[in-house]
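Chains as they are written, first to last, in our numbering: chain A, 804 to 956; chain F, 799 to 1464; chain U, 1094 to 1359; chain G, 181 to 516.
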């Protein structure tokens, strides 16, 4: 892991819904707005589909930050998927924070199909924030189960 | 062992300009399970698709990843190509190398690396794709058209004429919409009502059209081919079966000073009223807000005068439930009022009017029977000023877009004025003249050259009243660059066209998306102009953006064809991207533990209970079951199910998991 | 105590039930016991020392059998029974629920509705030592909290006693046994252990009735019950439900409000 | 086989010499209200007042999770990196109880039965056990009923019996033990001829293990299993704290083109343990799993490996959430 933040290129995974944010990100492209290459988009039908475990897996696999984004309230293509997602996030966030996991590395946002510019901005500010926070070694370290002396009794 | 084929598209220069497509293709070949990889200039082109088909056959591919534009653009194209080569279309995935990569990043290593990662991600996904069969759902061959303006009328007639049933609902007492309010229409100056009213009557009489005026959409459930629409029939308080439309009632109605919506507030109407003489249906409704009886509990004069006893005082709103297969939304637009403009007197000057109000003045059926007279004193204005772009193209006013129709109708207004007031003097303040369209430019030139309308390029800074005159202060930015001050008798504002009131709520009822100005969003700006993101719901007319009559009618016919196309099949073939509850070997049968929490989570009530029976017919256990017709594939239940007993085809746990893992394993 | 034994004996004697779940004296404290005959009922004891949540047995088919059974329920057990019924796991007609009131009276419930009414008077409160640890943790910096939990998780050897002791962990196949995909690594490692606990807590969100059985069961003494317990404290006001009182119309994660707070969403 | 005496100071000296020698030293340490084996640097860290550590020390030779080998595939070729015995560090297990030490016998038997387990033996070879006789016991202890005792030497390399003066009787039992003693030979004095039995905890014998074994031979279909296991929750606590339970699972940790194969603890108490892909489970209910646990330790192992699978440490009884007291259960079987 590279600890020098100036050279540090954050790994960020974006979990987005197909109807709003994915389309919004398409619009960012069509409008030729530029953003950092650090973010890679994974397409879901709806934010309601996004399993919290996938966020944890991303961190365990070495992601330094995560973006979760979908339709604005009331705009969900599936009526209420984003409302269910929002509940899940509120619950999840509280739990993670209680366990000392850095919730500031998870950026939640609503980006509609018409908000290409907002998507570019969300990505760029998130990349900047994570760059500031540095690599999430604290978390990735514990992923190593081989450390017998500490963990194998 | 998978045999995946990867096809990297240059999209001309669109991708290859910033991404080293050749390198991506080379690198991806090294990835486990990739059998074949190649890059090509245009994958979506015929030779491109042939390339894919041949590779599928030659290398016996069991999965295809196309790295090109957004799947929202070409997924169907490539899935079709795969199907033609004998590969199940759902074994084809797309990596978005254009919208999500080449267009948003500069040329360089990082961009190519990202492109590679995106492709690799989809390779890992497609390895876990399963061949799927499309789902067939029956179609209710009946359309719902919402809004009875020219768009709704045209759409209804076109659909009805293909032999399908149409329900047309209109929130006002009569159909006709804005077009019925217009005097003449550009660029031909033919009388609006003369061309519209025959269509209105045709709607009323068409055997395939059921018309509900004074009605609004209450709620909408279901999905393409199978919508359930609840329609609120607002109480008219007049039984139209009994009413002959004789008009006795509204001649006697004591409430006479109600500003007439049809005349844009320039004329008045009664409480029991027919909005305009050619209204369809030409039968009155009672405006309860203004009716003496409903306000004070006495009057009932109309009842006394009605020869057929059609008045129904206690009539209540009815909710009508209709099954429809498709919906055309044609709810139109609105124009800003003069009160929107502090600089033009906040609507306090009677003789500063909107273009729509001018239409009513110029209309033979209007309050002045077609004579241009000042609302204030009824005199004929000798000097008139038209201000274009009133509100439009004005960031400060929150309306950055062009309302599109103002340039043309302003020219028309000036022309009509000149034709009616021969010694009058008309000035048009404009920013640019946008006269794109057949015979449009010629029309404007006619106004300037033949009717001597005085066109001044520049914004009007202020309008104020000074002893009976309206002082218009502006700048001529084209010639002199000097201050222009005109003492006008009347000022007409070409006010911005805006989305209709309630558009946002309506969109939310139907789950269609809308832009920041609450105009409804088409599925694709170029290629899907009449579709929405919600299958089975189409758009026509100014509810999508301001547009003129020819465009509206064209769009309406377009939407009608889409509906007719949908109705041309008995079954609708749907993508099988839906949730399914797992089944496993006995004695477990399914890992579903029947907590049925998913039922409360599902937005579509798509989750039912299914009994698993043994050979003896005894119920072993009851588990959840997904109704494939109702499930829309949002996957909320999937993320919610604790025992992971529900999964969604096409976005399965294995697929999504593999995608995330692949992104970070280097 | 005698009244309880008599009651149980009667139920067994007249064949109302085939089995009575209760407590008997154990090595250091009372432990679960299954009485099949009136005689065995004499083993029954009841005291504040009875901490095992007997509701956990009610979903075990091979133990319950087909017949009607009676369960001697503490307040936490009653809460679990209600939650299980909400989740479609219990057959009201096959269950006799008995409790011993503060006045030492033996009370038999006619139906679940009566249980609901009864436990309404018992507020689910954080115990002193629970509150203590929560305060301690909230006083820490995020990094310290992470260190604390990692240290705790490092002791976990994945015996799943927490799962086994929880009345609401009744899945036929637990997510940790799911291997397509392998959501959670099956071996004991701090991360895998933490992922498991996060899953357990998330799966309990809006369901956990705060009995603390998971924490009591942990052989290496990890205060895991605090994860769900804290969640109850946080979510109850947020989503408007009463701690320990199950709701028939969905739980925290299966329902939503249009005005759920979203100050953390851009 | 030699007996010596070591004084309090001598003990300190010896311990520090062991640490200095670079060997890892694991000893019971009190933390978070529990006593567990932990890596230590000084004798002062070692716990004094306790009966038994929650977990046995078997993880020193049979870790919770261990990589059997790792592999990587690069352009068509697979590179395998096998487990490396030389990488295993020299380890001293300090203040092990006789019941724990005794556990190494069945463990060794299991891991060398039909197949010689490279990993286990590598660990064992580099491990030296310094056992302390028990001066205290509780009602869960029953070593004396399973061929053991508070001063039993089975499995140990050195056995210390603490004396009131803070010194100890030192029984050097193996060459490994001798070598460890040599690290500080001067610290040891000649045996003072003390009788260690005076200083041992009193652990009454509860049952005759051979009698139990005999009864079990015909008890397969007995109703006792159902009766005893009704309250069993089916967790793995008993197996994981047990010094002799050696069931394991083999798992894959694969990422893209590289991965590891891992051995990790498992338990016959889990219903999944015997679940077939077909959906059939030969041990479908908990009573069958409980029977397996008891028969395995008290019947199958003595039959096949001529060693009992229980050392009477009583850990399972203490760890069980529902008080499945093994002493009580076995005693009742013996009495039947």
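Ideal Cβ placement from N, Cα and C applies to all residues, glycine included.
Computed from a predicted model, the values in this text were never measured in an experiment.
Within the same chain, and ignoring the five residues on either side of residue 1075(F) in sequence, the residues whose Cβ sits closer than 7 Å to its Cβ are 1163. Residue 956(F) carries a helical assignment under DSSP once its states are collapsed to helix, strand and coil.
The beta carbon of residue 872(A) sits closer than 6 Å to the beta carbons of 819, 824, 912 and 914 from its chain, once the five residues preceding and following it are set aside; these are given in chain order.
The residue among 882(F), 865(F) and 1243(F) with its C-alpha nearest the C-alpha of residue 852(F) is 882(F). Taking 8 Å as the cut-off, the Cβ atoms of residue 999(F) and residue 1078(F) count as close.
In this structure, the CA atom of residue 330(G) is about 11 Å from the CA atom of residue 384(G). Against chain F, a Cβ distance below 8 Å from residue 895(A) picks out nothing, because the smallest value is about 11 Å.
Here residue 454(G) carries a helix assignment [DSSP, helix/strand/coil]. Between residue 316(G) and residue 341(G), the C-beta gap is not smaller than 8 Å, which leaves the two residues out of contact. In the three-state scheme derived from DSSP, where H, G and I count as helix and E and B as strand, residue 887(F) is classed as helix.
DSSP places residue 478(G) within a helical segment (H, G or I) once states are collapsed to three. Under DSSP, residue 936(F) takes part in a beta bridge, and its partners are 1369(F). Contact residues of the region 1381-1400 of chain F toward chain G are 1382, 1383, 1384, 1385, 1386 and 1387 (C-beta to C-beta distance below 9 Å). Looking at the DSSP output, residue 1024(F) shares a beta bridge with 1021(F). Using beta-carbon distances, residue 442(G) counts as an interface residue toward chain U, with a partner under 8 Å. For the region 434-460 of chain G, the beta-carbon criterion of a distance under 7 Å to any beta-carbon of chain F is satisfied by 435, 436, 437, 458 and 459. Put simply, the CB of residue 1292(U) is near chain A, with a gap under 8 Å to one of its CB atoms. Contact between the region 193-203 of chain G and the region 358-377 of chain G is established, with three or more Cβ pairs separated by less than 8 Å. With respect to chain A, the C-beta atom of residue 1455(F) has a partner C-beta closer than 8 Å. Each residue's CA atom was taken as its position, placing residue 944(A) and residue 927(F) some 33 Å apart. Taking C-alpha positions only, residue 1148(U) is separated from residue 1306(U) by approximately 11 Å. Within the same chain, 1340 come within 6 Å of residue 1334(U) by CB-CB distance, once the 5 residues on both sides are set aside. DSSP, read as helix, strand or coil, puts residue 433(G) in strand.
For the 8 Å CB-CB criterion, residue 865(F) and residue 913(F) form a contact.
Here DSSP, grouped into helix, strand and coil, assigns residue 944(F) to strand. The Cβ neighbour count for residue 1363(F), taken over all protein chains shown within 10 Å, is under 16; the residue is labelled exposed.
Here the alpha carbon of residue 1254(F) sits roughly 17 Å from the alpha carbon of residue 1268(F). Listed along the chain, the chain F residues whose CB falls inside 9 Å of the CB of residue 1271(U) are 1389, 1441, 1442 and 1451. Judged by beta-carbon spacing, residue 492(G) lies within the 8 Å limit of residue 325(G), meaning their Cβ atoms are closer than that value. Between the region 1387-1401 of chain F and the region 1417-1433 of chain F there are three or more inter-stretch CB-CB distances shorter than 8 Å, so the stretches are counted as touching. Not a single CB atom of chain U sits nearer than 8 Å to the CB of residue 938(A). Using a 10 angstroms sphere on the CB of residue 184(G), the tally of other CB atoms reaches 16 or more, which defines it as buried. Within 10 angstroms of the beta-carbon of residue 1164(U) lie 16 or more other beta-carbons, which makes it buried.
When 9 Å is used as the limit between beta carbons, residue 1344(U) is near these residues of chain F: 1395 and 1398, in chain order. Annotation note: the region 1006-1078 of chain F contains the following uninterrupted alpha helix (DSSP H) runs of length 4 or greater, listed N- to C-terminal: 1046-1050.
Around the beta-carbon of residue 856(A), 16 or more other beta-carbon atoms lie within 10 Å, marking it buried.
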